[in-house]
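Accompanying notes for the structure given below.
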Amino acid sequence: MELKNSLILLLFIKGIATAKHVEYARQLHEQDNPPTRPRSLELHVRDTPTPTLDLSSLPSCVQANCLPNSMKLNCPTVSADCPTDVPSGSKDCFTYPLSCFCAAPTPITCAFHPCSWWDWMNVEDWFKNLCPAVKPIDYSTLPSCARDCISNNAFDYGCITSDATCFCSHNSVFGCEKKCKNTKDVDAILNWYTAQCHAPMASASNALNSAPIETDKAGAPSPPIKKRKLRWYEVMAIIVFVATAIALVVGVILIWMFDPESIKEKIKTS
């Protein structure tokens, strides 16, 4: 009886040892042969292209002045086909990854001065649709002593949609920091500009020390002596005035031509 129990105990211990050996061998096999993804899945992940800036979608004004070949951003470049209406001589074009282009501080600055106001508004709309995640300038966090001054002057400058590219390309807070008497408020404007434009402190300091606002005795901004480009709202006012004048002249002519009394007079005199 004791011999039988000893044999049973020996077989039980041997079974446990064998199971441990099998488990140990399985672990060694997995270390030497790690599991791999299916080849098709690996190729799919590897070959997925990175979204890039589509050069053919650029507004005409941007194509003329802001092709990546002449617009240097701190982004990696990708070879691309040139748009059909690029200036002659531009054969080898490249573009940027879309995520990097949208994240750049001032990606469409090159279009502000060369483009007309109407074209610039189209450029702003194009950029807003292309990069919807880009947040506009937030004026609400500015000190109250300079908030309205900065936002109004930015609008007057042409940044109608509060786009960061437009505001930050000016590299100035329009001298509005001089309206704040408290040093803490000036420091708050400095930090605000750094955060909104992703600018180094040196650039923010320059922004606070440039383009002061000169006012006359009535408090209104004094007109500059040198000739300046018409502001966007001045251009719009001229267009509306001219269109209204033309419409009035055409209306008077049509009324005179088709007025019944005028027709009767023409019949009598004929």
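In case it helps, mature numbering (1 follows the signal peptide of the UniProt record, and there is no 0) puts the sequence shown at residues -19 to -1, 1 to 251.
Where is the CB? At the ideal position from N, CA and C, for every residue including glycine.
| field | Nonlocal neighbours in the same chain, by C-beta distance under 7 angstroms from residue 142, ignoring five residues either side | value | As a first step, residue 142 is located in the sequence shown; it is residue number 161 there, counting from the start. These residues qualify, in order along the chain: 105, 109 and 117.
| field | Where residue 219 falls, given that 16 or more other Cβ within 10 Å makes a residue buried | value | On the sequence shown, residue 219 is found 238 positions in, with the first residue counted as 1. By the neighbour-count rule (16 or more Cβ atoms within 10 Å), residue 219 is not buried but exposed.
| For the alpha helix (DSSP H) that contains residue 38, what are its first and last residues? | Taking the first residue of the sequence shown as 1, we reach residue 38 at position 57. First-last for residue 38: undefined, no H or E at that position.
| query | Buried or exposed: which applies to residue 232, given that a residue is buried once 16 or more other Cβ atoms fall within 10 Å of its Cβ? | reply | Counting from one through the sequence shown, the residue named residue 232 turns up at place 251. By the neighbour-count rule (16 or more Cβ atoms within 10 Å), residue 232 is not buried but exposed.
| field | Beta bridge counterpart(s) of residue 74 as assigned by DSSP | value | Here residue 74 refers to the residue found at position 93 when the sequence shown is read from its first residue. BP columns for residue 74 point to 61.
| task | With a threshold of 16 other CB atoms inside 10 Å of the CB of residue 183, please say whether the residue is buried or exposed. | result | Locating residue 183 in the sequence shown gives position 202, where the first residue counts as 1. Exposed is the call here.
| query | If you follow the alpha helix (DSSP H) that residue 92 is part of, which residue opens it and which one closes it? | reply | Translated into positions along the sequence shown, residue 92 becomes position 111. Counting along the chain, residue 92 falls outside any alpha helix (DSSP H), and DSSP gives it neither H nor E.
| field | Burial state of residue 73 (16 or more Cβ within 10 Å) | value | Reading the sequence shown from its first residue, position 92 is the one you call residue 73. Result: exposed.
| said: The alpha helix (DSSP H) that contains residue 79, what's its start and end? | reply: Looking up residue 79 in the sequence shown gives position 98. Residues 79 to 84.
| message | Please report the straight-line C-alpha distance between residue 85 and residue 54, rounded to a whole angstrom. | response | Locating residue 85 in the sequence shown gives position 104, where the first residue counts as 1. Locating residue 54 in the sequence shown gives position 73, where the first residue counts as 1. Straight-line Cα distance between these residues: approximately 7 angstroms.
| message | Applying the 10 Å Cβ sphere with the 16-neighbour rule, what's the burial state of residue 65? | response | Taking the first residue of the sequence shown as position 1, residue 65 is located at position 84. It counts as exposed.
| message | Distance cutoff 9 angstroms, beta carbons only. Does residue 176 sit that close to anything in chain B? | response | This model lacks chain B altogether; it includes just one protein chain.
| Three-way DSSP call (helix, strand, coil) for residue 31 in this model | In the sequence shown, residue 31 corresponds to position 50, counting from 1. Here residue 31 sits in coil by DSSP.
| task | Return yes when the Cβ of residue 188 is within less than 9 angstroms of the Cβ of residue 154, no when it is not. | result | Locating residue 154 in the sequence shown gives position 173, where the first residue counts as 1. Locating residue 188 in the sequence shown gives position 207, where the first residue counts as 1. It is a contact, given that the beta carbons lie within the stated cut-off.
| field | Straight-line gap, residue -4 to residue 30 (C-alpha atoms, nearest Å) | value | Counting from one through the sequence shown, the residue named residue -4 turns up at place 16. Counting from one through the sequence shown, the residue named residue 30 turns up at place 49. In this predicted model, residue -4 has a pLDDT of only 47, less than 50, meaning its place in the structure is not dependable enough to derive any value.
| query | Can you tell me whether DSSP reads residue 199 as helix, strand or coil? | reply | In the sequence shown, residue 199 corresponds to position 218, counting from 1. Residue confidence is low: residue 199 scores 38 on pLDDT, short of 50, so the model does not pin down where it sits. Its coordinate-derived value is still stated next. Reduced to three states, the DSSP call for residue 199 is coil.
| How long is the line joining the alpha carbons of residue 173 and residue 130, rounded to whole angstroms? | As a working mapping, residue 173 is identified with position 192 in the sequence shown. As a working mapping, residue 130 is identified with position 149 in the sequence shown. Cα to Cα, the separation comes out at about 15 angstroms.
| task | Report the residue ranges of all beta strand (DSSP E) runs contained in full by the stretch 125 to 195; include only those spanning at least 3 residues, in chain order. | result | none
| query | Alpha carbon to alpha carbon, what distance is there between residue 164 and residue 149? | reply | Residue numbering aside, residue 149 sits at position 168 when the sequence shown is read from its first letter. Residue numbering aside, residue 164 sits at position 183 when the sequence shown is read from its first letter. About 23 angstroms.
| request: With distances taken Cα to Cα, identify the nearest neighbour of residue 46 among 90, 152 and 107. | output: Residue 46 sits at position 65 when you count from the first residue of the sequence shown. When each option's Cα is compared against that of residue 46, the closest is 90.
| Which class does residue 115 belong to by DSSP, given the choice of helix, strand or coil? | Numbered from 1 along the sequence shown, position 134 holds the residue referred to as residue 115. DSSP places residue 115 in coil when its eight states are reduced to three.
| Same chain only: Cβ atoms within 6 angstroms of residue 112, ignoring 5 sequence neighbours per side | In the sequence shown, residue 112 corresponds to position 131, counting from 1. The answer, listed in chain order, is 83.
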